[in-house]
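Since the structure comes first, as structure tokens, the remarks are kept for the end.
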Amino acid sequence: MPMSTAREIFVHELSDTLSAENIIYKMLGQVVKETKLPPAQEAYQHHLDETKQHISNVEAAFKAIGEKPEKTTCLAADGLSKEHAALKEEKPKDHALELGLLGGAGKTEHYEIASYKLLVQMAKDLGETKAAALLQENLDQELAMSKTVEKLAKMVSADARKAVGSTMKKPASAGARKTPVAA
Ligand SMILES: [Fe+2]
Ligand SMILES: [Fe+2]
Numbered sequence: 022m023p024m025s026t027a028r029e030i031f032v033h034e035l036s037d038t039l040s041a042e043n044i045i046y047k048m049l050g051q052v053v054k055e056t057k058l059p060p061a062q063e064a065y066q067h068h069l070d071e072t073k074q075h076i077s078n079v080e081a082a083f084k085a086i087g088e089k090p091e092k093t094t095c096l097a098a099d100g101l102s103k104e105h106a107a108l109k110e111e112k113p114k115d116h117a118l119e120l121g122l123l124g125g126a127g128k129t130e131h132y133e134i135a136s137y138k139l140l141v142q143m144a145k146d147l148g149e150t151k152a153a154a155l156l157q158e159n160l161d162q163e164l165a166m167s168k169t170v171e172k173l174a175k176m177v178s179a180d181a182r183k184a185v186g187s188t189m190k191k192p193a194s195a196g197a198r199k200t201p202v203a204a
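FYI, in my numbering the residues of the sequence shown are 22 to 204.
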């Protein structure tokens, strides 16, 4: 499809976001099973349910504007999913696992926030108020999830620091090297 007008770009970006949400839904379903941290698991599960709704909202936005999604793959979400796979290959445990998962979740939410901010603005500018409202719903939930992820990451990072601190030996002499910090 040619992309020479604002509307064509909007349809393309919306198609890209539909692909992203589908990739994220799959990834988040795995993350729910991988985390060992109850409050994180609750947050991921809640956002997994929201993500299902995000997909429906984007599909409803297509209907509202009378267009069909293009067949496309969101390369950014695909990349985030590959990073998640690479993290699993490292077999991190405890704090490292949780921080790795939260890091990925934070990046994913920020990508979604950037996407929806543009989509909401474009929908409004194109006079597509129904689509704008549906996309704003998604944006609000991405913003809330991003804050939750930040809070959880702060908590886990502080815990990791305490755990390292309690096992760290005092240097035997002035010239001794400090134990490397492993989160
Ligand atoms: Fe989403
Ligand atoms: Fe999200």
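All C-beta atoms, glycine included, are put in the ideal place defined by N, C-alpha and C.
Q) Who are the Cβ neighbours of residue 126 in its own chain at under 6 Å, not counting the five residues just before and after it? A) 170
Q | residue 88 CB to nearest heavy atom of ligand 1 below 7 Å | A | no
Q) Considering only residues of the same chain and omitting the five flanking positions on each side of residue 34, which have a CB-CB separation below 8 Å? A) 136, 139, 140, 143
Q.
For the alpha helix (DSSP H) containing residue 54, name the first residue and the last one.
A. 27–55
Q) Does the beta-carbon distance from residue 69 to residue 49 come in below 8 Å? A) yes
Q: Inspect the beta-carbon positions of residue 154 and residue 120 and report whether they are closer than 8 Å.
A: no
Q.
Is residue 105 a contact residue of ligand 1, with contact defined as CB to any heavy atom under 7 Å?
A. no
(Q) I'd like the span of the alpha helix (DSSP H) that includes residue 121, first residue to last. (A) 115–146
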